[in-house]
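J.: All letters in the sequence shown, in the order written, are residues 0 to 633 by numbering that gives the first Met the number 0.
Ideal Cβ placement from N, Cα and C applies to all residues, glycine included.
Model, not experiment: these values are computed from the prediction.
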Amino acid sequence: MKQDFSRKVYWPSKKVSREAWVNRESVYVAAERNPLKFWEGQAENLAWFKKWRKVFVQGPNGFKWFVGGKLNMSYNCLERNISAGLGNKVALRWIPEPKNEKIVELSYRELLEKTNRFANALRRLGVKKGDVVGIYLPMIPEAVISMLACARIGAVHIVIFSAFASDGLNQRLKVTRAKVLITSDGYYRKGSKIDLIEKVSAGIEGTNIKKVICVGRQGFGRNRRGWISFEGLLKNESDMCEVEEMDSEDLFFILPESGTGGEFIPIMHTCGGYAVQALTSGRFVFDFHEGDVYWCTGDIGWITGHTYGVYSPLLNGVTSVFYEGALNYPNKERWAEIIEENHVNIFYTSPTAVRMFEQEAGRKIDSFLFKNLKVIATVGEPIDEYAWKWFFEKIGKKKASVLDTYWQTETGGVVISSLPGVGPFRPTFAGRVFPGVKVGILNERGGRTKLNETGKLVMFSPFCPGMMRGVYRDEKRYRRYFAKGMKVYSLDDLAFKCPDGMIKIVGRADDLIKISGHRMSTVEIENAVSSLSGIEECAIVGRSDTLKGTVPVVFVKAKSGITEEQIVRRIVEKVGPIAKPSRVYFVEDLPKTKSGKIVRGILRKLVEGEEAVDVDVLSNPESLAGIRKLIKED
Ligand code: WTA
C-alpha cells in the first residue's frame, strides 16, 4: 500500500534543537501577541547611527518600518562584525568552476577593504546616493563587493542575472534608468567560457549607461575600449571609505521581477526593515551561529541570492560558500564534494536541484557522510514527497532539520517555514508562519477559508519589515498588490492550512510559471516567439516536469518554413537559456473564446494529459482535436 507520506510529521533532532537560537514555542506566542515588539527587539541586534522613533506606521498609501532610524547595510555586514572580533574570520569562500583554479577566501576585514576601495572608486566616478547602478555579474567575489560598495555609498543596485539575454538586460536597465554598469568579461559554465562582452555591448544600447566597469575573470583577459577595468580602479583607491548614513526608508535596491503580462515589475526594497528581516530570518530559519559554514546555491540575480546569498549570512557573521559553476559539473557529485570539502553545515538550494541530485545519484552518493549538516532547506517552488524524502534521508541523514521556505521577491525574506529547532517538518508543506507575520487564506468572496480548504494566500498589516515598499516609478502597479487601504497584501499563491498550523502551498493563482524555481512570465516568452516574422499566433503554458518543476511548452500557428529550432533559438536569444521550451507544437488553430482570446487554461490541462475540458467557452472547439492528437503522438 502506498504510504501517505505527507501526513507524517518530523521533529528536530535533540542536538539541533538544543543548540538552536530558537527552540521554544513561546517565541511564537510572544511574537503573535505583539509583532511590533518582536521586530523591534530583533532590530536592536543591528548597529544604528540613529535609533528609530516609531517601529511601524501604516497609512492609506503605504507603510513604513523603523521610522527615523539611520543605518548602513555594509557597515552592519562588515564593521559591526569586525568590532565583534570576526575580522579574521572568512566571510566569503569563493569556489571557481574549474577545479584547477584557486579557491579565494576573503575575511571580513579583507572584504571591508575591497568594498571600501570599490566604493571610493564609484564615488570618484560620480556615483552618488540614490543613483542606480546595474550589476550584471556571474557568481564571483566582485559581485558581492559591488553590492556592498553600492550599499556603502547609498547607490541603489539592480542586479541582473548573468544568464539573461541582452534583451532582458536592456529592458531591466531601461526600466531602472541605471547610469553605471558593472560586468565581467565572462565566466565558466559547464566547462564553457561564457562571453559577456558582446551581450553587454548590445544590452546597453539606448539605455542611460554612461560607464561600464568590467571585471577581468581569470583566463578571459578581455575588455572593450572605453570600459573601465575593475582591478585598475581598486589599485588607486584607499581602503578607508566613509559610510553613507541611510534612512530606514531610503531606497536600498531594485529587483525587477516578471509580471504576468510579460512586463518587468521593478520591486523596491528599503534599508532598515530589509536589514532587520535579513538578520532575523537568517538567525531563526538557518540558525546561523559563529562557527557555521553556509552555502546558498541561488544566484545573486534572484532575490534568494540577495537576501540569503549575500546579506543575511554576512549580517549574521557566518562563512559563506560562493560557487561559480554548475552543481553537477565536472562530475555529477560536485555539489556533494563542495559540501564535504568545505565543511558546509547549512545548505540552501532549490527543489529542482534536489531532484537533479536524486536523479543523477549513483552508489557514490552513499560515500558522502554529510556529518556536519544541521539544516538543509529549499526555496522557490513546492517540493514533492519523493524528493523531500530523498533529501532528508540521503543528505540530511535523518538528523538534519529539513525546511521548505516560502517567500517572494516582494516579501524580501522568508514568511513561511518551520524553524529548525522547533519543527515540525512535514513533507510537501512549507510549514508554519514565521513569528511576527500574519497570513490568511481567503475564499472567492474574500472570507476566511475553513481548515484544509484551498484559497488565496494573503498577508495582513504590518506584513514584515523586509516587505517591498514600492514599484519603481509605478505607484499604481504597487497598489494593485494590496487591498483594504493597503492593509491586505495578496501573494497570488493558492494554499491551505491544516489544523496543526502547517501551511501547504498549492501553486500560483496567476499565469506565472516557476522554471527550476525561477519566476518567469509566459507572456514574456510569447513575446519573444512573436518577434519572429512568420508567427501568426502563439500561446505558452507550463507543463509539469520531473526535473525543473515546470517547463514552457509552445503552441504556434506559423507560416510554413518556420522550424522548432528557430523558435527555441529565438527564445534563448531573447529571454535566456532558462526559458528554453521542452516542446513546440505547430497547430492549425488555437482554442479561443467568443471574443477571440486564447484560452491558455485549456491548453494547460491538455498538456497535463487531462481529457475533460470545458469547451463551452470556446468559439472553435474543433481546434482541440488537432492539438490533442499532437500531444498524444509525443
Ligand atoms: C513560489 C523566490 C512553494 C511561489 C524566493 C512564490 C514557492 C514565488 C516556495 C516567488 C515554496 C517560493 N513552496 N512555492 N517553498 N517558495 N515559491 O519572487 O509561487 O522568485 O509566490 O521568490 O515562488 O518567487 P520569487
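Would you mind working out which of P59, S73, V54 sits nearest F65, comparing C-alpha positions?
T.: Ranking P59, S73, V54 by Cα distance to F65 puts V54 first.
J.: Less than 7 angstroms between the CB of R507 and some heavy atom of the ligand WTA, yes or no?
T.: The answer is yes for R507.
J.: Are the beta-carbon atoms of V320 and Y293 separated by less than 8 angstroms?
T.: Cβ atoms of V320 and Y293: closer than 8 angstroms.
J.: Going straight from the alpha carbon of V413 to that of G272, what length do you get?
T.: So the alpha carbons of these two residues sit roughly 13 angstroms apart.
J.: Taking 8 angstroms as the threshold (C-beta atoms), are W301 and H517 in contact?
T.: The answer is yes: Cβ separation under 8 angstroms.
J.: Based on the DSSP output, what are the partners of V103 in its beta bridges?
T.: Partner(s): W93.
J.: Report the residue from F367, S247, L617 whose alpha carbon sits nearest the alpha carbon of S594.
T.: It is L617.
J.: Tell me which residues share the same chain as M0 and place their Cβ nearer than 8 angstroms to its Cβ, disregarding the 5 neighbours each side in the sequence.
T.: Note that M0 has pLDDT 33, beneath the 50 cutoff, so the model's placement of it is unreliable and the number below is only indicative. If we look at M0 and ignore the five residues flanking it on each side, it has no Cβ neighbours.
J.: Out of curiosity, what's the CA-to-CA distance linking K503 and L111?
T.: Looking at the two C-alpha atoms, the distance is approximately 41 angstroms.
J.: How long is the line joining the alpha carbons of T318 and M146, rounded to whole angstroms?
T.: C-alpha separation (whole angstroms): 17 angstroms.
J.: Check S515 in the structure and name its three-state DSSP category.
T.: Three-state result, S515: coil.
J.: Near L531, which residues of its chain fall below 6 angstroms by C-beta distance, leaving aside the five closest residues on each side in sequence?
T.: These residues qualify, in order along the chain: R569.
J.: Could you tell me whether any non-hydrogen atom of the ligand WTA is closer than 7 angstroms to the CB of K513?
T.: K513: yes, Cβ under 7 angstroms from the ligand WTA.
J.: Expressed to the nearest angstrom, what Euclidean distance is found between the alpha-carbon atoms of I626 and V586?
T.: Cα-Cα distance, rounded: 7 angstroms.
J.: Give the DSSP-derived three-state secondary structure of L147 in the structure shown.
T.: Residue state, collapsed to three classes: helix.
J.: Going by C-alpha distance, which of F459, G420, F428, T592 is nearest F62?
T.: Closest option to F62, Cα to Cα, is F459.
J.: Around the Cβ of N99, are there at least 16 other Cβ atoms within 10 angstroms (buried) or fewer (exposed)?
T.: Its Cβ having fewer than 16 others within 10 Å, N99 is exposed.
J.: Are at least three pairs of beta-carbons, each pair with one atom in the stretch 367-379 and one in the stretch 393-407, less than 8 angstroms apart?
T.: Flag = yes, the stretch 367-379 and the stretch 393-407 touch.
J.: In whole angstroms, what is the alpha-carbon distance linking R52 and G68?
T.: Approximately 7 angstroms between the Cα atoms of the pair.
J.: Return the chain-ordered list of same chain residues with a C-beta closer than 8 angstroms to the C-beta of V56, the five sequence neighbours on each side being excluded.
T.: For V56, where only same-chain residues beyond five positions count, the Cβ hits under 8 angstroms are F62, K63, V66.
J.: Strictly by DSSP, which residues pair up with R507?
T.: BP columns for R507 point to D492.
J.: Can you name the start and end residues of the alpha helix (DSSP H) that D166 belongs to?
T.: 165-175 is the extent of the alpha helix (DSSP H) around D166.
J.: Opposite D403 in the DSSP bridges: which residues?
T.: Beta-bridge pairing links D403 to T377.
J.: Going by DSSP, what residue range makes up the alpha helix (DSSP H) through Y293?
T.: Looking at the DSSP string, Y293 is not in any alpha helix (DSSP H); the run it does join, the beta strand (DSSP E), is 292-295.
J.: When you compare the CB positions of I212 and G133, do they come within less than 8 angstroms of one another, or not?
T.: Not a contact, by the Cβ cut-off of 8 angstroms.
J.: Can you check which of these residues, L490, I266, E332, A578, is closest to K393 by C-alpha distance?
T.: Out of L490, I266, E332, A578, E332 has the C-alpha closest to the C-alpha of K393.
J.: Should E452 and F495 be called a contact, given that it needs their Cβ atoms to be closer than 8 angstroms?
T.: In this structure, F495 lies closer than 8 angstroms to E452 by Cβ.
J.: Within 7 angstroms: the Cβ of E112 and any heavy atom of the ligand WTA?
T.: No, Cβ of E112 sits at least 7 angstroms from all heavy atoms of the ligand WTA.
J.: If you compare alpha carbons, which of D615, T351, L602 is closest to K628?
T.: When each option's Cα is compared against that of K628, the closest is L602.
J.: Between which two residues does the alpha helix (DSSP H) carrying T279 extend?
T.: Segment 270-284, the alpha helix (DSSP H) holding T279.
J.: Could you check if D403 belongs to the surroundings of the ligand WTA, using beta carbon to heavy atom distance under 7 angstroms?
T.: Checking the Cβ of D403 against the ligand WTA gives yes.
J.: Shortest alpha-carbon distance to R216 belongs to which of P426, P137, R176?
T.: Closest by alpha carbon: P137.
J.: Around the C-beta of N33, are 16 or more other C-beta atoms found within 10 angstroms, so that it is buried, or is it exposed?
T.: Classification for N33: exposed.
J.: Quick one: residues in its chain with C-beta nearer than 8 angstroms to the C-beta of P576, no 5 flanking neighbours on either side, listed in chain order?
T.: Closer than 8 angstroms at the Cβ level, and outside the excluded window around P576, lie A162.
J.: Under the rule that 16 or more other beta-carbon atoms within 10 Å means buried, what is D3, buried or exposed?
T.: The predicted model places D3 with a pLDDT of 43, which falls under 50 and marks its position as unreliable; any figure quoted below should be read in that light. Classification of D3: exposed, given that the 10 Å Cβ count is below 16.
J.: Among S200, K363, I181, whose alpha-carbon lies nearest the alpha-carbon of I227?
T.: The option with the nearest alpha carbon to I227 is I181.
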